[in-house]
Every structure is written in C-alpha cells, then in structure tokens.
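In what follows, a single structure is set out as structure tokens and then discussed.
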Amino acid sequence: MKAFKHIFLWSWILTLPITICTVAVIYKALDRYYVFGVRYNPSPITPPLSLYINYEIDSLLNKARVILFEKKTSRLAEVDLFIPHSEIAKLEHHMPQSGFDYVKGRMIIDKKLIKAKIKYRGDFLYHWAWNKKSIRVKLSKKRLYKGLRKFNLQAPKRPEQLNNYLGLRLAKLLGLTAPQTQLVHLNINNNSQGIHVLIEQLEEATLRHNRLMPGDIYRGEIVGKDAFVDSGVRTLFDSASVWDKMAINNHYADDSIEPLIKLISLIQNKDEVDSQKQLSELLDMQAWAKFSL
Numbered sequence: 005m006k007a008f009k010h011i012f013l014w015s016w017i018l019t020l021p022i023t024i025c026t027v028a029v030i031y032k033a034l035d036r037y038y039v040f041g042v043r044y045n046p047s048p049i050t051p052p053l054s055l056y057i058n059y060e061i062d063s064l065l066n067k068a069r070v071i072l073f074e075k076k077t078s079r080l081a082e083v084d085l086f087i088p089h090s091e092i093a094k095l096e097h098h099m100p101q102s103g104f105d106y107v108k109g110r111m112i113i114d115k116k117l118i119k120a121k122i123k124y125r126g127d128f129l130y131h132w133a134w135n136k137k138s139i140r141v142k143l144s145k146k147r148l149y150k151g152l153r154k155f156n157l158q159a160p161k162r163p164e165q166l167n168n169y170l171g172l173r174l175a176k177l178l179g180l181t182a183p184q185t186q187l188v189h190l191n192i193n194n195n196s197q198g199i200h201v202l203i204e205q206l207e208e209a210t211l212r213h214n215r216l217m218p219g220d221i222y223r224g225e226i227v228g229k230d231a232f233v234d235s236g237v238r239t240l241f242d243s244a245s246v247w248d249k250m251a252i253n254n255h256y257a258d259d260s261i262e263p264l265i266k267l268i269s270l271i272q273n274k275d276e277v278d279s280q281k282q283l284s285e286l287l288d289m290q291a292w293a294k295f296s297l
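In this note's numbering, the protein residues as written are 5 to 297.
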C-alpha cells in the first residue's frame with residue numbers, strides 16, 4: 005500500500021510532461037487546421053484534422069530523436085539564409101497569402117553575407133503548410149549563386165524526397181533542356197530546415213545556360229488555384245490564352261505568341277496528315293522522344 009501511495013505521489017513526474025506535450029500537439033494541430041483547413045480553402049486537397057494531429061506528433065518525435073540520438077552530419081552543400089524576425093513576421097502574419105511577398109534577407113555566398121529577397125512559393129499545402137517550407141530566393145544581378153540569380157529551395161513532395169531531383173537529373177543526362185538542380189541542406193538563422201531540392205527558376209538565364217539564346221519560354225498551368233473555372237478550358241492545349249512567358253525573344257514583340265498558337269492548332273487537328281507533317285517539322289522529335297522516355 006505504501007509503495008502504491010509513493011508511486012501515486014510521484015507519478016506527476018511522468019504524467020506532467022505527457023500532458024504538456026499532448027496539449028501542445030493538440031493546440032498546434034488545431035491552429036494549423038484552422039489556418040490551412042478552415043480560413044484558407046485548400047481545395048482540391050482537403051486533409052482531415054487527423055492529418056494535422058499526426059503531423060504534429062511525428063514532428064515532436066522527430067525533434068526528440070534528433071536532440072537525443074543524432075548529430076548534424078551532412079555531406080550536402082549548405083545553403084545559409086538569414087531573415088530578421090520582423091521580416092519572418094511579415095511572411096507569417098496571414099498565411100499562406102502573406103508568404104508570397106518578398107521580404108529582405110541575407111545569404112552566405114563565398115563566406116560573405118549577401119543581400120537577398122526571400123519568400124515562400126508553391127501552389128499546394130505541402131509547400132508551406134508545414135514547418136518545412138518551399139522557398140524562393142532572388143539575388144542581385146551582380147552577386148549570383150552558382151550562376152543563378154533566382155532559385156527555389158523546394159520541400160520534397162513525398163516521403164522518398166528524390167522524385168523531382170532524380171527526374172531533373174535524368175533530363176540533364178538525356179541532354180534535355182532542364183533547370184539546374186541539386187540536393188542541399190538548408191539553414192535559416194542557423195537553424196536546420198532539413199534537406200531541400202535546389203531548383204533553378206526558369207527564366208532567360210535558363211536559355212543562356214543551355215545556349216539557346218535568343219528564345220521564349222512559355223508557361224502554362226491550370227491546376228489547383230490556377231484553374232480557369234467554367235471557362236471550357238480542360239487542358240493546356242485547349243487555348244493559348246492560359247499561357248504566359250517566362251523568357252522573351254527580343255527579336256519579336258513581347259506579346260507575340262505565334263509559335264504557341266500554331267503548335268496548339270496543330271495539336272487540336274493532330275489526326276490530319278498535314279498536321280502530322282507540320283508537327284514533325286516544328287518539333288525536335290528526338291528531344292520529345294527523350295522527354296516521353
């Protein structure tokens with residue numbers, strides 16, 4: 005009886021930390037669910053509350069594992085960003101919308117602290133709803149990082165983490181035009197943010213790196229928040245109006261999209277013999293075969 009009483013009196017040593025952790029997990033999960041599941045409509049993806057609770061539990065256990073059992077050992081390139089707390093507050097004050105405006109920061113390049121503009125990026129929850137966020141960095145024209153002025157530090161989409169990285173690496177090995185990419189270890193204000201995929205932002209520099217100047221880069225997207233609701237546009241090749249340019253061939257007017265209009269017209273009439281012939285003349289068939297592969 006005395007032993008039971010003794011255990012009961014000191015049981016708070018075990019139950020108090022568990023209670024505190026439970027309350028913290030539930031509070032964080034409810035707060036995250038309210039921001040990204042109620043206030044912000046995340047459709048077409050609508051995760052249940054249980055997903056947020058499981059995430060907070062996994063996050064807490066992972067932090068404990070790192071603190072207790074692991075030391076930071078990474079052979080990956082280190083990317084070090086520094087963002088003042090006031091600027092972080094600007095990014096975070098009304099997520100996710102507030103995260104898409106650049107704030108002032110710094111980046112270490114060649115052991116020097118260089119001015120940079122930093123923001124969150126991406127269309128879906130996995131980019132910015134969790135502790136590990138996808139980030140875009142913009143440097144000055146005079147101070148580049150490995151030849152890049154704009155690049156993304158993308159939080160991997162899936163648990164295996166390597167899908168996008170390996171896809172872009174394979175494209176490079178096949179000789180296709182693709183953005184530069186590498187796996188990096190990201191630190192913000194000396195705090196580890198884990199592994200990110202560094203991906204060059206597609207722009208004129210991409211053409212320059214691939215010796216394709218001058219030229220255009222067209223961008224089209226109708227997924228998620230970029231969908232044109234009730235417009236009749238179901239695929240990118242239904243209309244040239246859902247595309248814009250990320251790089252411009254200065255030999256033509258900035259708003260010129262004749263090559264794109266011709267391509268879409270030929271695709272829409274792909275069953276015609278003449279269209280097939282013109283497509284084979286317009287497209288680099290070997291590059292498309294590699295891309296299909």
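In this text, a Cβ means the ideal position worked out from N, Cα and C, and glycines have one as well. Just so you know, these numbers come straight off a predicted model, no measurement behind them.
- Counting every other CB atom within 10 Å of its CB across the protein chains shown gives residue 185 a total of 16 or more, marking it as buried.
- Pairing residue 157 with residue 200 gives a Cβ-Cβ distance under 8 Å.
- Within the model, the alpha-carbon separation for residue 105 versus residue 275 is close to 45 Å.
- Residue pairing from DSSP places residue 156 in a beta bridge opposite 140, 203.
- Annotation: the continuous alpha helix (DSSP H) that includes residue 176 extends over 167-177.
- Under a 10 Å Cβ-count criterion, residue 80 is classified as exposed, with fewer than 16 other Cβ atoms of the shown protein chains found around its own Cβ.
- If you draw a 10 Å sphere on the C-beta of residue 141, you find 16 or more other C-beta atoms in it, and that means buried.
- Residue 133 sits in coil when the DSSP states are folded into three classes, being neither helix nor strand.
- Per DSSP, residue 221 lies in no alpha helix (DSSP H); the unbroken beta strand (DSSP E) holding it starts and ends at 221-224.
- Note that the C-beta distance between residue 188 and residue 170 is not below 8 Å.
- When secondary structure is reduced to three states using DSSP, residue 191 falls in the strand class.
- Per DSSP, the beta bridge partners of residue 113 are 116.
- In the three-state DSSP reduction, residue 289 falls in the helix class (H, G or I).
- In the assembly as shown, residue 131 is a buried residue. Its beta-carbon has 16 or more other beta-carbons within 10 Å.
- Beta-bridge partners of residue 107 (DSSP): 122.
- Shortest Cα-Cα distance from residue 53 to any of 65, 29, 68 involves 29.
- Counting C-beta pairs with one atom in each stretch, the stretch 212-228 and the stretch 247-261 have three or more that are closer than 8 Å, which means they touch.
- Residue 180 is not a Cβ neighbour of residue 281, given a cutoff of 8 Å.
- Selection 205, 102, 160, 136 evaluated against residue 150 yields 205 as nearest (Cα-Cα).
- Residue 44 carries a coil assignment under DSSP once its states are collapsed to helix, strand and coil.
- With respect to residue 127, residue 229 sits close: the two C-beta atoms are nearer than 8 Å.
- Secondary structure note for residue 80: it is in no beta strand (DSSP E), with a DSSP letter that is neither H nor E.
- Leaving aside the five residues that flank residue 265 on each side, the residues in its chain whose CB is nearer than 8 Å to its CB run, in chain order, 244.
- For residue 149, the beta-bridge partners assigned by DSSP are 152.
- Taking a C-beta distance under 8 Å as the contact criterion, residue 210 and residue 251 qualify as a contact pair.
- Taking C-beta atoms as the reference points, residue 51 and residue 41 count as a pair closer than 8 Å.
- In this structure residue 117 is not in contact with residue 107, their Cβ atoms being roughly 16 Å apart against a cut-off of 8 Å.
- Sequence-distant Cβ neighbours of residue 183 in its own chain, meaning closer than 7 Å and more than five residues away, are 172, 203, 204, 206, 210.
- Taking C-beta separations shorter than 6 Å and ignoring five residues to either side along the sequence, the partners of residue 178 in its chain run 294, following chain order.
- Residue pairing by DSSP puts residue 249 in a beta bridge opposite 222.
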